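In UniProt numbering, the protein residues as written are 1 to 459.
#1: Just how far apart, CA to CA, sit residue 141 and residue 107?
#2: Please look up how many angstroms separate the CB atoms of residue 517 and residue 76, rounded, as I've assumed it's under 8 Å.
#3: Could you tell me whether the stretch 110–120 touches the stretch 160–180, using the rule of 3 or more Cβ pairs below 8 Å?
#4: Count Cβ pairs between the stretch 398–408 and the stretch 420–436 that sit closer than 8 Å; are there 3 or more?
#5: Between residue 465 and residue 252, is the Cβ-Cβ spacing less than 8 Å?
#6: Using three-state DSSP, classify residue 318 as helix, strand or coil.
#7: So which of 179, 397 and 360 has the shortest CA-CA distance to residue 50?
#8: Please classify residue 35 as buried or exposed, where buried requires at least 16 neighbouring CB atoms within 10 angstroms.
#9: DSSP puts residue 174 in a beta bridge; with which residues?
#10: Whole angstroms is fine: what's the gap from residue 349's alpha carbon to residue 104's?
#11: Using C-beta distances below 6 Å, list every residue in its chain close to residue 225, excluding the 5 sequence neighbours before and after it, in chain order.
#12: On the criterion of 16 or more Cβ atoms from any shown chain inside 10 Å, does residue 156 qualify as buried, or is it exposed?
#13: Assign residue 185 to one of two classes, buried (16 or more other C-beta atoms within 10 Å of its C-beta) or exposed (fewer than that).
#14: In its own chain, which residues sit with a C-beta less than 6 Å from the C-beta of residue 277, not counting the 5 before and 5 after it?
#15: Among the candidates 211, 384 and 201, whose CA atom is the shortest distance from the CA of residue 306?
#16: Within 10 angstroms of its Cβ, does residue 26 collect 16 or more other Cβ (buried), or is it exposed?
#17: State buried or exposed for residue 73, treating a residue as buried only when at least 16 other CB atoms are found within 10 Å of its CB.
#18: Taking the alpha-carbon positions, what's the residue 236 to residue 202 distance?
#19: Excluding the five sequence neighbours on either side, which residues of its own chain have a C-beta within less than 6 Å of the C-beta of residue 84, listed in chain order?
#20: CB-CB under 8 Å to residue 309, same chain, minus the five flanking residues each way: which ones, in chain order?
#21: Where does residue 92 land, buried or exposed, given buried means 16+ other C-beta within 10 angstroms?
#22: Less than 8 Å separating the beta-carbons of residue 123 and residue 146?
#23: By how many angstroms is the C-alpha of residue 44 removed from the C-alpha of residue 271?
#24: Compute the beta-carbon to beta-carbon distance between residue 302 and residue 314, rounded to the nearest angstrom, for a pair I have assumed lies under 8 Å.
#25: Applying the 10 Å Cβ sphere with the 16-neighbour rule, what's the burial state of residue 259?
#26: Exposed or buried, what is residue 263 when buried is set at 16 or more other beta-carbons lying within 10 Å of its beta-carbon?
#27: Distance check for residue 143 and residue 118, CA to CA, integer angstroms please.
#28: For the putative contact between residue 57 and residue 207, defined by C-beta atoms under 8 Å, what is the C-beta separation to the nearest angstrom?
#29: Could you spell out where the alpha helix (DSSP H) holding residue 136 opens and where it closes?
#30: To which residues does DSSP link residue 146 through a beta bridge?
#31: In terms of residues, what are the limits of the alpha helix (DSSP H) holding residue 57?
#32: Can you name the residues that DSSP bridges to residue 93?
#33: Could you check what DSSP says for residue 153 in three-state terms: helix, strand or coil?
#34: Look at the alpha carbon of residue 273 and the alpha carbon of residue 380, and state the distance between them as a whole number of angstroms.
#35: Between which two residues does the alpha helix (DSSP H) carrying residue 283 extend?
#36: Excluding the five sequence neighbours on either side, which residues of its own chain have a C-beta within less than 6 Å of the C-beta of residue 9, listed in chain order?
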């Protein structure tokens, strides 16, 4: 796969592991599910991985050597509520919190199935051995290639590397704490034969039982840091209280610095219009959902992954206008497309229900996307969000339409919708992206009512 270490434009192609760029950070975080990330990390090839929480980013801000080590990693995994909140400042919800204490056991379970072995390095004397014993007990078939503590046995890099390589380990977990473990891996990982090396912080202490995890309900509420603070207030108060505030303040400052009067005005317009529409159209929402449920079995709401601004995937919401197995039947009807180019549209699509034809013609099926607007994933006005499969085959110039948020309505929607060919649609979207103003958005919103009433190109 292609993994971009820095952001320099729309992502091409859209990948299983997505990239998200957090405010005040020049480094790339993995944005993917746990299973997607594990599959990528355990695939053939050499990789160095680190977890990143608010404390890590604070250290990165003041320690240039650590920053260089982090930026040279192959993958950085988001860990903790602070990183998630920073992401939301850019209107982006991270797919998963990939904290090491939960992620590593899941990774090792898959590694065990594949016959891969792991070497544990770090912690106080005896911690790695105890962690190994507990992991073997919990994960059937797990192979521990070797263990080494992070004190007396961590003094000679050459000796450590020789021991790891002699063990034949496929995975090496280094638990020396931040920033020591990242610096150690940055210095020594090129000489280690294992394909996967990871800095895992205090994970071995948790696996060994030296530190007690918070109850499940506390973890679910994303308040495990409060539990940890209560356990070790003297050591962790500065990190969790002052450190988290410092990180979020820096993130907010950076976000504010990227805002323009136009972007603020556009967001205010989005919130005002979508909130008013949600209230005024609530009876239509209820009646539509009821009609869909009466006609056919299945949910009234249909969700689908679409590509948003800068290539970031999101879940788009619509009223269901097709049979429930429409996605499985898509390949069978592609040849019936009435639109030239990549994007599929067909007036005679057999998957569309009777209620579906009505709500498509009146554009009622698009109304739930008001929620996408309130979430910051879409705008009222903008290019229509494309499918990942469509973006994968975009010609190079078409990626320019991903530089702005996708919208519920836009230039091509008021110019004929499905009657407009792909190439013409792209030209319209590129023109909009380069000349977007509040006045233009207001004009397009007004023209949308005429387009809906006429029904032209709606199918």
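Idealized CB from N, CA, C, for every residue including glycine.
None of these values were measured; they are calculated from a predicted model.
Looking at the atomic coordinates:
#1: Rounded to whole angstroms, residue 141 to residue 107 spans 13 Å at the Cα level.
#2: For residue 517 there is no data in the structure shown, the boundaries of the chain being 1 and 459.
#3: yes
#4: Touching, per the Cβ criterion.
#5: Absent from the model: residue 465. The displayed extent of the chain is 1 to 459, so no value can be given.
#6: strand
#7: Ranking the options by Cα distance to residue 50, first place goes to 179.
#8: It counts as exposed.
#9: 121 and 199
#10: 46 Å
#11: The residues are 240.
#12: exposed
#13: buried
#14: 370
#15: Nearest C-alpha to residue 306: 384.
#16: In this predicted model, residue 26 has a pLDDT of only 43, less than 50, meaning its place in the structure is not dependable enough to derive any value.
#17: So residue 73 counts as buried.
#18: The straight-line gap from Cα to Cα measures roughly 13 Å.
#19: 94
#20: The residues are 402, 403, 404, 405 and 406.
#21: So residue 92 ends up on the buried side.
#22: Cβ distance not < 8 Å, so residue 123 and residue 146 don't count as in contact.
#23: 46 Å
#24: The beta-carbon distance between residue 302 and residue 314, rounded to whole angstroms, is 15 Å. This is too long to meet the 8 Å contact definition.
#25: With fewer than 16 other CB atoms across the displayed protein chains lying within 10 angstroms of its CB, residue 259 is exposed.
#26: exposed
#27: 6 Å
#28: 25 Å between Cβ atoms; not a contact.
#29: 127–138
#30: 119
#31: DSSP places residue 57 in the uninterrupted alpha helix (DSSP H) bounded by 54–62.
#32: Beta-bridge pairing links residue 93 to no other residue.
#33: helix
#34: 8 Å
#35: 282–295
#36: Below a pLDDT of 50, predicted positions are generally treated as unreliable, and residue 9, at 33, falls in that range; no measurement from the model is reported.
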